[in-house]
Each structure stands twice: as structure tokens, then as C-alpha cells.
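Colleague: Following the numbering used here, the numbering of the sequence shown begins with 18 at its first residue and continues without gaps.
Here a beta-carbon is modelled for each residue, glycine too, at the ideal position from N, C-alpha and C.
Computed from a prediction, not measured in an experiment: that's the story for all the values here.
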Amino acid sequence: MVKKPLDRAGSVRDLRIDFFRGLALYMILVDHVVGDPLSRFTIQNFGFSDAAEAFIFLSGVSCGIVYSRVLVRRGWAGVAAAISKRATQIYAYYVLSSLAVIVLLKAAESLFKNTLVLNHSFIILREEPVPAILSTLFLTSPPDLPGILVVYLVLTVVAIPLFLLGAGASAELTLTASGLVWVMSQFYPNLLPHLADHSYFNPLAWQFLFSIGMFVGFRYNSTSEWQGTTQFSRWLVKVAWAVVIFGLLYRYRSQLHLDWLPIPAVTNDKDNLSAARLLHFLSIAFLCTTYVKSNNRILRWRPATIVIRTGQCSLEMFSMGSILSVLLTLNNVLRHPSRLEEVALDCVAVLLMALTAVVLTRNRQSYRQPIELATTN
């Protein structure tokens with residue numbers, strides 16, 4: 018049982034969680050489109066990390082907040098029920114989005130016999146439809162983009178209960194143990210086989226970032242908050258800015274003619290969440306937390322509320338985004354549209370996701386209101 022009392026259980030959810038997760042989902046959409054012009058403006062172009070780190074971290078924060086509350090209110094039986102329900106939802110959306118991608122790729126393969134143009138991993142159907150469907154159902158060889166949900170499924174089923182179990186004794190020691198597993202994954206990246214073929218996320222490595230998020234969410238619910246001195250906080254801000262600037266210099270060292278600088282060849286291994294990626298993302302996250310407060314006016318603007326709604330439907334929007342990414346990639350490699358057409362189609366895809374998120378969140382609110390009224394009367 019979580020020993021620390023909760024003082025924010027009834028508080029309003031921090032809008033920054035869903036806002037930045039919504040932004041990450043839109044970035045993931047365009048980042049997975051081959052040759053997309055908008056991908057030049059996403060976080061992946063400003064250092065080592067990209068939107069994947071933001072999505073996993075913020076999912077961990079959200080899970081840390083939600084499941085620690087469930088544990089306090091309903092015990093381990095409630096946690097098991099909640100995790101089982103969420104895992105079922107993840108699996109269902111994973112299967113549906115994978116089936117949609119398989120159908121799209123088979124249709125494209127039939128329409129365009131020249132397989133030379135279909136040479137990108139995101140739009141390659143490695144098996145015939147029936148074996149591909151079976152591989153998807155058994156989590157062995159799903160399409161690349163929906164297959165990312167397999168790692169998310171593992172984090173939900175394994176990382177959440179393990180962190181809560183350890184946090185009952187000490188959240189700090191639990192996070193330390195998670196960090197040691199990450200260190201081990203850096204030296205032995207193939208210690209465990211990837212659950213799904215073609216997956217480029219090593220669960221042993223990425224669980225650490227998810228656990229960091231859970232730690233933040235767990236502490237968010239706790240009465241005991243970290244109290245740092247002003248001087249130490251200023252020092253952390255300076256270090257974070259230094260890391261971000263270093264990432265920019267490393268990213269554009271050739272264009273800026275900075276090859277003469279003593280910048281080491283830092284690994285940028287995404288599969289195993291390299292130290293460079295992890296430190297770069299944590300620096301960005303710390304700066305965002307420092308400069309964007311939970312009561313920031315921007316979070317109340319209409320465009321921001323739409324992004325927040327997108328973040329509130331993260332599973333549905335990721336699944337939808339993976340299908341749209343495949344469609345846009347197929348269009349780019351088969352039709353070779355102009356840049357203006359690509360941007361226009363990007364806008365259509367973003368609009369579809371935004372409208373879907375608005376509809377989903379409104380339906381959820383209309384469903385919850387009668388239940389809340391019944392429980393209060």
C-alpha cells in the first residue's frame with residue numbers, strides 16, 4: 018500500500034500533462050511521414066530526443082497520478098482491475114490500428130505493382146495478409162507504427178505494478194532500481210528479446226523514462242514535495258540550458274561550421290534510450306516545467322484546449338495518427354506531391370485528429386455527468 022497520504026486527490030488535473038502530450042502526438046504524426054516538411058519543426062530537429070520521449074514520460078506521469086490514487090482508494094484489487102481494463106484497451110486499439118494498416122498496405126501493393134517505391138519500413142507489408150494478422154494478434158510481427166503500442170502494453174502490465182509495489186516502501190529506491198536496469202540495458206541491449214519483431218524500443222531501457230514519469234506522478238499526489246533552494250534551482254536551469262544548447266550545436270555542427278569544436282561523437286541510440294537522449298529530454302522537460310506553470314494563460318486559449326483534448330485521448334489519437342501517417346507516407350512515395358500539397362494534407366490530418374479528440378472528450382463528459390449526479394444525490 019502507498020504509505021504517503023494524498024492531498025491532491027480531489028484537485029484539478031494539471032493541464033500541462035495533456036497539453037504537452039497532445040503536442041507530442043501531433044509531432045509523432047508528422048515525424049512518421051516520410052519526407053514530411055512539417056517534421057523539420059518538431060523536437061527531433063533540436064537535439065537528441067524526439068516526441069517519443071515526451072509521450073512515454075508523460076504517460077508515466079499520468080499513470081503515476083492515476084494508479085497511486087486507485088491503490089489508496091481501492092487497494093491492489095482495484096489496481097489489478099484498472100490495469101487489466103487499460104491493457105485490454107491498448108491491445109484492442111493496437112489490433113484495430115494494425116489491421117487498418119495491413120489493409121492499406123495490401124491495397125497499395127495491389128494498386129502499385131512497382132515494389133521498389135515501397136521500400137520504407139513504415140509501409141512494407143512483410144507477410145501476406147493472413148499471416149500478418151496472426152502475427153499482430155500474437156504480438157510477434159505487427160506493422161511498425163501500431164507495433165509501438167506493444168511496448169506501451171508491456172509498460173502498463175509490468176512497469177506500473179512493479180513501481181507501485183516498490184514505491185510502497187520507497188519511491189526513491191524503486192526509481193534507483195529502475196535506473197540500474199536502464200544502465201544494464203546500455204551494456205547488454207539484447208539481454209531480453211524484443212517482444213515484437215521490428216520494434217525499436219527496448220523495454221528494459223524505456224521503462225526507466227516511464228518510471229521517472231511515474232515517480233513524478235507519485236510525488237504529485239504526495240503531501241511531501243521536493244523543496245530545493247533558489248540557488249540550486251538556478252543551477253539546474255543553467256545545466257538544462259547547457260544540455261539543450263549542446264544538443265543544438267551537435268545537431269547542426271556541420272551547417273554551423275563547428276566541426277572544429279571538441280564535441281564528442283555522442284551516441285543517439287533510440288532503441289536503447291541512450292544517455293544523450295535521456296539527458297536531453299529531461300533537460301527540456303525541466304525547462305518546460307520551470308517556464309510554463311500550471312496556471313499559464315496559454316493553456317486556456319482555444320487552440321491549447323484542443324491540444325489538451327488530444328492529449329486526454331492519447332491511446333485513440335496515437336492509433337489514429339499511426340494510420341494517418343501510413344496514408345500520408347503512401348501518398349508521398351507514390352504520388353510525389355508538391356510541398357504545398359503535403360502541408361495541406363498534414364493540416365487535414367491534424368484537423369481530423371483534433372475533431373475526433375473533441376468528440377471523444379465531449380462524449381466522455383456527457384457519460385460521466387449522470388454518474389457523478391447519481392453518486393452525489
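Mark residue 223 as exposed unless 16 or more other C-beta atoms lie within 10 angstroms of its C-beta, in which case mark it buried.
Modeller: Reading the sequence shown from its first residue, position 206 is the one you call residue 223. Residue 223 comes out buried.
Colleague: Keeping to the same chain, check which residues put their C-beta closer than 7 Å to that of residue 332; ignore five residues upstream and five downstream.
Modeller: Position 315 of the sequence shown, counted from the start, is the residue given in the question as residue 332. These residues qualify, in order along the chain: 106, 107 and 110.
Colleague: Report, in whole angstroms, the separation of the C-beta atoms of residue 257 and residue 300, which I expect to be a contact under 8 Å.
Modeller: Stepping through the sequence shown from its first residue, residue 257 is reached at position 240. Stepping through the sequence shown from its first residue, residue 300 is reached at position 283. That pair is a contact at about 4 Å.
Colleague: Can you check which of these residues, 140, 254 and 112, is closest to residue 121 by C-alpha distance?
Modeller: Locating residue 121 in the sequence shown gives position 104, where the first residue counts as 1. Comparing Cα-Cα distances from residue 121 to each of 140, 254 and 112, the minimum goes to 140.
Colleague: To which residues of the same chain is residue 190 closer than 8 Å at the C-beta, ignoring the five residues directly before and after it?
Modeller: The sequence position of residue 190 within the sequence shown is 173, counting from 1. Once the five neighbours on either side are set aside, the close Cβ partners of residue 190 are 183.
Colleague: Taking a contact to mean a Cβ-Cβ separation below 8 Å, would you say residue 230 touches residue 42 in this structure?
Modeller: Your numbering for residue 230 matches position 213 in the sequence shown. Your numbering for residue 42 matches position 25 in the sequence shown. No; because the gap between Cβ atoms is not below 8 Å, this pair is not in contact.
Colleague: Answer with buried or exposed for residue 365, where buried requires no fewer than 16 other C-beta atoms within 10 angstroms of its C-beta.
Modeller: For this step, residue 365 is matched to residue 348 along the sequence shown. That one is exposed.
Colleague: Could you compute how far the alpha carbon of residue 33 sits from the alpha carbon of residue 129?
Modeller: Sequence index remark: in the sequence shown, residue 33 carries index 16 (1-based). Sequence index remark: in the sequence shown, residue 129 carries index 112 (1-based). Between residue 33 and residue 129, the C-alpha separation is close to 44 Å.
Colleague: Does residue 93 come out as helix, strand or coil in the three-state DSSP assignment?
Modeller: The count along the sequence shown starts at 1 and reaches residue 93 at position 76. In the structure shown, residue 93 sits in a helix (DSSP, three-state: H, G or I).
Colleague: Buried or exposed for residue 379, please, with buried defined as at least 16 other CB atoms from any protein chain shown within 10 angstroms of its CB.
Modeller: Taking the first residue of the sequence shown as 1, we reach residue 379 at position 362. It is exposed - the Cβ of residue 379 has fewer than 16 other Cβ atoms within 10 Å.
Colleague: If you run the structure through DSSP and keep just helix, strand and coil, what is residue 203?
Modeller: Translated into the one-based positions of the sequence shown, residue 203 becomes position 186. Three-state DSSP puts residue 203 in a helix.
Colleague: Which one of 296, 335 and 353 has the shortest CA to CA distance from residue 2?
Modeller: Given a span of 18 to 394 for the chain in the structure shown, any question on residue 2 remains unanswerable.
Colleague: Label residue 441 either buried or exposed according to how many other C-beta atoms from any shown protein chain fall within 10 Å of its C-beta, with 16 as the threshold for buried.
Modeller: As displayed, the chain neither begins before 18 nor continues past 394, which places residue 441 out of reach and without an answer.
Colleague: Could you tell me which of 146, 170 and 188 sits nearest to residue 156, measuring between CA atoms?
Modeller: As a working mapping, residue 156 is identified with position 139 in the sequence shown. Of the candidates 146, 170 and 188, the one whose C-alpha sits nearest the C-alpha of residue 156 is 170.
Colleague: With H, G and I counted as helix, E and B as strand and the rest as coil, what does DSSP make of residue 180?
Modeller: Working through the sequence shown from its first residue, we reach residue 180 at position 163. Of the three classes helix, strand and coil, the one that applies to residue 180 here is helix, per DSSP.
Colleague: What does a CB cutoff of less than 7 Å around residue 265 pick up in its chain, not counting 5 residues either side in sequence?
Modeller: On the sequence shown, residue 265 is found 248 positions in, with the first residue counted as 1. The residues are 63 and 64.
Colleague: Once the 5 residues before and after residue 52 are set aside, which same chain residues still bring their CB inside 7 Å of it?
Modeller: One-based indexing of the sequence shown puts residue 52 at position 35. 349, listed in sequence order.
Colleague: Could you name the residues of the same chain whose beta carbon sits closer than 7 Å to that of residue 196, not counting the 5 residues immediately before and after it, in chain order?
Modeller: What you label residue 196 is simply residue 179 of the sequence shown in a count that begins at 1. Once the five neighbours on either side are set aside, the close Cβ partners of residue 196 are 225.
Colleague: State the start and end residues of the unbroken alpha helix (DSSP H) segment that holds residue 238.
Modeller: The sequence position of residue 238 within the sequence shown is 221, counting from 1. Where residue 238 is concerned, the enclosing alpha helix (DSSP H) stretches over 220-238.
Colleague: For residue 49, which of 165, 85 and 142 has the nearest alpha-carbon?
Modeller: Here residue 49 refers to the residue found at position 32 of the sequence shown. Among 165, 85 and 142, the Cα nearest to that of residue 49 belongs to 165.
Colleague: Assuming the contact rule is C-beta atoms closer than 8 Å, residue 227 and residue 39 should be a hit. Round their C-beta distance to whole Å, please.
Modeller: Here the question's residue 227 lines up with position 210 in the sequence shown. Here the question's residue 39 lines up with position 22 in the sequence shown. Rounded, the Cβ-Cβ distance is 19 Å, inconsistent with contact.
Colleague: Specify, as a first and last residue, the run of the alpha helix (DSSP H) that residue 35 falls within.
Modeller: Start at 1 with the first residue of the sequence shown, and residue 35 comes out as number 18. Element bounds for residue 35: 32-48.
Colleague: Output the distance between the C-alpha atoms of residue 314 and residue 321, rounded to the nearest integer angstrom.
Modeller: Against the sequence shown, residue 314 aligns to sequence position 297. Against the sequence shown, residue 321 aligns to sequence position 304. C-alpha separation (whole angstroms): 10 Å.
Colleague: Count the other CB atoms within 10 Å of the CB of residue 252; is the residue buried (16 or more) or exposed (fewer)?
Modeller: Within the sequence shown, the letter at position 235 stands for residue 252. So residue 252 counts as exposed.
Colleague: Can you tell me which of the three DSSP states residue 148 falls into?
Modeller: Working through the sequence shown from its first residue, we reach residue 148 at position 131. In this structure, residue 148 counts as helix in the three-state DSSP scheme.
Colleague: For a test of the three-state rule: what should DSSP assign to residue 143, helix, strand or coil?
Modeller: Residue numbering aside, residue 143 sits at position 126 when the sequence shown is read from its first letter. Note: residue 143 maps to coil in three-state DSSP.
Colleague: Let me confirm a value: residue 35 is counted as buried when at least 16 other C-beta atoms fall within 10 Å, else exposed. Which label applies?
Modeller: By 1-based counting over the sequence shown, the position of residue 35 is 18. Label assigned to residue 35: buried.
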